[in-house]
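>
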Amino acid sequence: MILILDVETTFTDGDNTPYNLNNKLVSVGINSKYFFFYHQSIDESTHQETFNKIQKLLDDAKLIVGHNLKFDMTWMYHFGFKYNGKLYDTMLAEYISFRGHPFSGKTRLSLSLKECCKRRNLSHKFDSLKRYIDNNYNVDEIPIEHLEEYGRQDVKITYQLYKSQIAEYKQKFKNLIKIRDMTNDFLRVLIDIELNGNCINVDKLNNVEKNLTKEYYDLKKTVDNTVKEVMGDGVYNLSSGEDLSKIIYSRKLQDKNIWKEIFNIGTTNGKQNKRTRYKDSEFREYIKKYTDPIYKLIGSPCSKCHSTGYENLLKKDGTKRIRPLKCKDCKGQGTTYIETEVPAGFKYKPYSFEDATINGFKVDTHTLLKISEFSKGKLKIFADNLIKYSAVGKLLNTFVPALKDNVRYNTGLLHPSYNQTSTTTGRLSSSEPNFQNLPRDGGIKSVIISRFENGSIFEVDFSQLEFRTAVFLAQDKQGMKDIENGVDVHQNTADIIGCSRQDAKAHTFKPLYGGMMGNENEKRYYQSFLKRYRDIAKWHITLQETAYKTKIISLPSGREYYFPDVYKTTNKYGDIRYTKATKIKNYPVQGFATADIVPIACLNVWSLMKEKKVKSLIINTVHDSIVIDTYPGEEKVVESIIKTGCSRVKDYLLLKFDCDFNVPLDIEIKKGQNWLDTKQI
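In numbering that gives the first Met the number 0, the protein residues as written are 0 to 680.
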């Protein structure tokens with residue numbers, strides 16, 4: 000039996016999750032039946048009887064269909080309902096059918112039930128409760144007959160959308176059916192991961208915040224002192240690209256508009272302008288002509304406002320002004336400045352015309368890393384401190400508040416929301432908070448601990464997954480030999496570029512996506528990569544030509560990427576160029592690795608954990624890894640489950656997608672008392 004499901008819930012301060020104790024499950028619509036729980040007009044004594052009726056329907060069901068079904072099923076499971084059958088999310092199915100191109104012209108296509116139905120001319124009164132919502136009614140306050148009518152309509156239109164999608168897949172998207180079904184199977188795992196949550200050591204989080212705060216202000220003091228030393232008494236904002244450009248390059252723009260026009264800086268119709276190219280000699284000439292050197296400033300107390308920053312504090316009648324006027328002499332700073340003849344700043348020379356920005360010259364983290372690499376003395380120290388200052392500031396102002404704001408203090412658990420429909424490649428993202436990009440630095444990961452007394456955190460990582468995926472997709476012979484011989488591609492990258500193995504990882508992946516720009520050492524590595532892995536280089540050409548001719552790139556899983564606007568051009572040297580080249584090379588590798596292979600591994604591990612009836616829980620999956628909160632005494636069985644589940648990925652690919660993945664998929668299992676301090680088993 001197929002059930003079409005839709006639930007309505009209350010929400011508090013924008014939080015509509017079941018983890019908020021103030022939120023309630025108000026109603027459940029299933030096919031032609033409608034049930035109420037926490038509604039003002041419903042007696043709570045009927046809840047158990049209603050619960051039993053719904054559970055009976057779930058027991059007889061083989062498939063549950065819903066739109067944004069993760070929301071509905073999360074509430075159902077949290078409320079105590081049991082269901083082990085298949086799921087079909089119409090929102091996920093719509094997303095898969097977009098094929099990585101969720102745009103109509105310049106407009107991003109919405110995945111809301113309303114817009115999905117509009118695209119198919121399915122009629123529905125989506126705004127029937129608008130007058131109640133506009134008047135700040137909570138869901139449990141809406142008259143029961145109106146709420147039921149709305150809920151029944153949602154169930155009805157979801158069923159119509161489901162039937163429309165099934166027909167569309169059979170007619171237009173047969174190749175996508177298997178990946179659609181796998182994605183829906185993975186949805187069940189994600190629901191469990193969200194419900195399990197991550198246990199947060201709040202005391203440790205507060206201690207991490209305290210240490211980061213001290214480090215942040217120590218770094219700020221050090222950087223400020225350096226700025227004063229090289230710039231004099233002026234006031235400079237470290238968050239301002241314009242101010243940092245002055246400090247590092249010792250030049251200021253004469254006119255931003257002229258500068259912008261010279262280098263074609265900015266966007267046109269939402270797309271980045273193609274920079275006007277200049278020879279090095281021309282670039283230097285423009286710098287000399289349209290920028291001025293910076294000189295040190297000497298500050299002194301403003302005599303006009305007596306260092307208050309304000310003047311005319313009193314009105315003509317002698318009464319005090321409510322809003323005193325800023326002093327014109329010191330512009331409200333309380334200090335006036337005199338320019339000396341002593342050059343200021345570090346006098347660093349920009350590399351090429353590509354370094355020009357609307358505020359002067361580049362000062363982003365990548366540029367600062369390059370400056371640090373090629374500089375010595377005070378500039379190198381300043382660049383290093385500035386990079387660290389920015390990184391610590393992000394930890395302190397972004398990641399720490401995100402954890403503190405989202406942890407449920409009644410349970411100590413944090414339940415990130417995992418999104419299957421927000422990226423173009425199919426890769427997961429997460430929100431409230433972002434758990435896909437938690438940094439290793441700063442001790443943030445150390446606050447994620449086991450909820451079980453004497454429990455431990457296991458993390459399994461696929462070794463060099465994106466590289467191995469590219470080797471498989473390109474059937475690169477040298478890559479296969481290197482994998483077979485245990486060549487550490489990341490260490491090879493590090494040796495050529497001259498950096499740590501951890502920092503080398505981003506560079507290893509870069510040529511997989513066609514990246515070739517960087518400093519001289521990086522460029523040398525990128526060129527050597529494509530010479531070594533010639534089949535990957537050839538595959539890149541084939542991908543681009545395929546996207547140009549057919550507009551479609553297909554993966555072995557059936558997942559597709561649609562490129563409607565790929566064009567081929569030839570430069571003056573006769574070299575062929577394709578638009579969207581980076582995306583064409585990126586999507587297949589990232590998609591197959593992290594949107595197909597890792598979810599399959601999660602499915603396998605999750606199924607085995609259910610089969611073995613362990614108490615351990617999957618609590619996270621990040622790109623190429625799975626994180627498990629392991630119950631004490633289950634370490635050996637969890638290790639066995641991980642190895643078995645990951646080894647069966649190839650079997651799944653062969654059985655479900657007829658894909659013979661002929662490249663080894665190796666894993667590394669780590670264990671620790673928290674997510675940060677894990678060591679390889």
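Beta carbons are placed, not taken as given, at the ideal position from N, Cα and C, and that holds for glycine.
(1) Can you tell me whether ASP534 is helix, strand or coil according to DSSP?
(2) If MET90 and THR420 are in contact, beta carbons under 8 Å, what's the gap, nearest whole angstrom?
(3) Work out the CA separation of TYR547 and SER26 for me, nearest whole Å.
(4) How would you call LEU385, buried or exposed, if buried means at least 16 neighbouring beta carbons within 10 angstroms?
(5) How would you label ILE617, buried or exposed, when you count the other beta carbons within 10 angstroms and need 16 or more for buried?
(6) Take every Cβ of the segment 345-359, pair it with every Cβ of the segment 244-261, and state whether three or more of those distances are shorter than 8 Å.
(7) State yes or no: is the C-beta of ALA600 within less than 8 Å of the C-beta of VAL648?
(8) Buried or exposed: where does ILE29 fall if 16 or more other Cβ atoms within 10 Å of its Cβ makes it buried?
(9) Out of curiosity, what's the CA-to-CA distance linking LYS393 and SER462?
(10) To the nearest angstrom, how far is it from the Cα of ASP254 to the Cα of TYR289?
(11) Under 8 Å by Cβ, that's how I've got LEU146 and VAL138 pegged, so tell me the actual separation to the nearest angstrom.
(12) In the structure shown, what three-state DSSP assignment does TYR161 receive?
(13) Can you tell which of ILE482, ILE666, LYS655, ASN619 has its C-alpha closest to the C-alpha of SER639?
(14) Is the separation between the beta-carbon of ARG467 and that of ALA594 shorter than 8 Å?
(15) Would you say the segment 434-449 touches the segment 36-56, given that touching needs at least three Cβ pairs under 8 Å?
(16) List the endpoints of the continuous alpha helix (DSSP H) containing GLN47.
(17) For the alpha helix (DSSP H) that contains VAL362, what are its first and last residues?
(18) Do you know whose CA, among PHE78, ASN67, SER31, lies nearest HIS46's CA?
(19) Quick check on CYS304: does DSSP put it in helix, strand or coil?
(20) Cutting at 8 Å between CB atoms, please list the residues of its own chain near LYS177, excluding the five before and the five after it.
(21) Give a yes or no on contact between the segment 535-544 and the segment 578-592, applying the rule of three or more CB pairs nearer than 8 Å.
(22) Which of the three DSSP states, helix, strand or coil, is assigned to ARG274?
(23) Using the beta-carbon count (16 or more within 10 Å), is MET608 buried or exposed?
(24) Tell whether a beta-carbon distance below 8 Å holds between LEU112 and TYR87.
(25) Count the other C-beta atoms from every protein chain shown that fall within 10 angstroms of the C-beta of SER299, then say buried if there are 16 or more, exposed otherwise.
(26) In its own chain, which residues sit with a C-beta less than 7 Å from the C-beta of GLY644, not counting the 5 before and 5 after it?
(27) If you reduce the DSSP assignment to three classes, tell me which class ILE178 lands in.
(28) Counting pairs of beta carbons, one from the segment 562-578 and one from the segment 391-408, are three or more of them closer than 8 Å?
(29) Rounding to the nearest angstrom, what Cα-Cα distance links ALA92 and ASN83 in this structure?
(30) What does the alpha-carbon distance come out to for the pair ASN195 and LEU57?
(31) Ends of the alpha helix (DSSP H) at PRO598?
(32) Nearest CA to the CA of LYS319: which residue from GLU310, LYS327, CYS326?
(33) Return helix, strand or coil for GLY28, following the three-state DSSP convention.
(34) Suppose you measure from the CA of ASP126 to the CA of GLY150; what does that come to, to the nearest Å?
(35) For the 8 Å Cβ check, are there 3 or more pairs between the segment 192-206 and the segment 410-417?
(36) Using the three-state DSSP reduction, which class does ASN200 fall into: helix, strand or coil?
Quick answer:
(1) Under the three-state reduction of DSSP, ASP534 is assigned to helix.
(2) Between MET90 and THR420 the beta-carbon gap is near 6 Å, inside 8 Å, which marks them as a contact.
(3) Approximately 50 Å between the Cα atoms of the pair.
(4) LEU385 comes out buried.
(5) The residue is buried, with at least 16 neighbouring Cβ atoms inside 10 Å.
(6) Remark: three or more beta-carbon pairs, one from each stretch, lie closer than 8 Å, so the segment 345-359 and the segment 244-261 are flagged as touching.
(7) The answer is yes: Cβ separation under 8 Å.
(8) Per the 10 Å Cβ criterion, buried.
(9) One C-alpha to the other measures close to 28 Å.
(10) Answer to the nearest angstrom: the Cα atoms are 7 Å apart.
(11) With 8 Å as the limit, LEU146 and VAL138 qualify as a contact, their Cβ atoms being about 7 Å apart.
(12) Three-state DSSP puts TYR161 in a helix.
(13) Comparing Cα positions, the closest option is ILE666.
(14) No.
(15) Judged by Cβ distances under 8 Å, the segment 434-449 makes no contact with the segment 36-56, as fewer than three pairs qualify.
(16) 46-59 is the span of the alpha helix (DSSP H), which, as asked, contains GLN47.
(17) Counting along the chain, VAL362 sits inside no alpha helix (DSSP H), nor does DSSP assign it H or E at all.
(18) With respect to the C-alpha of HIS46, the residue from PHE78, ASN67, SER31 having the closest C-alpha is PHE78.
(19) In the structure shown, the three-state DSSP call for CYS304 is coil.
(20) Here LYS177 has SER556, GLY557, LYS655, PHE656 as same chain residues with Cβ atoms under 8 Å from its own Cβ, once five neighbours each way along the sequence are excluded.
(21) Verdict: yes, contact present.
(22) Of the three classes helix, strand and coil, the one that applies to ARG274 here is coil, per DSSP.
(23) Looking at its Cβ environment, which holds 16 or more other Cβ atoms inside 10 Å, MET608 is buried.
(24) Here LEU112 is not near TYR87, since their CB atoms are 8 Å or more apart.
(25) Flag for SER299 reads exposed.
(26) The answer, listed in chain order, is ALA600, ASN603, VAL604, LEU607.
(27) In the structure shown, ILE178 falls within a helical segment according to DSSP collapsed to helix, strand and coil.
(28) Contact between the segment 562-578 and the segment 391-408 is absent, because fewer than three Cβ pairs lie under 8 Å.
(29) Take the alpha-carbon of ALA92 and the one of ASN83: they are about 20 Å apart.
(30) Taking the Cα positions, ASN195 is about 22 Å away from LEU57.
(31) Residues 597-611.
(32) For LYS319, the closest C-alpha among the options GLU310, LYS327, CYS326 is that of GLU310.
(33) When DSSP states are grouped into helix, strand and coil, GLY28 belongs to the strand group.
(34) ASP126 and GLY150: Cα-Cα distance of roughly 12 Å.
(35) Enough Cβ pairs lie closer than 8 Å, so yes.
(36) Of the three classes helix, strand and coil, the one that applies to ASN200 here is coil, per DSSP.
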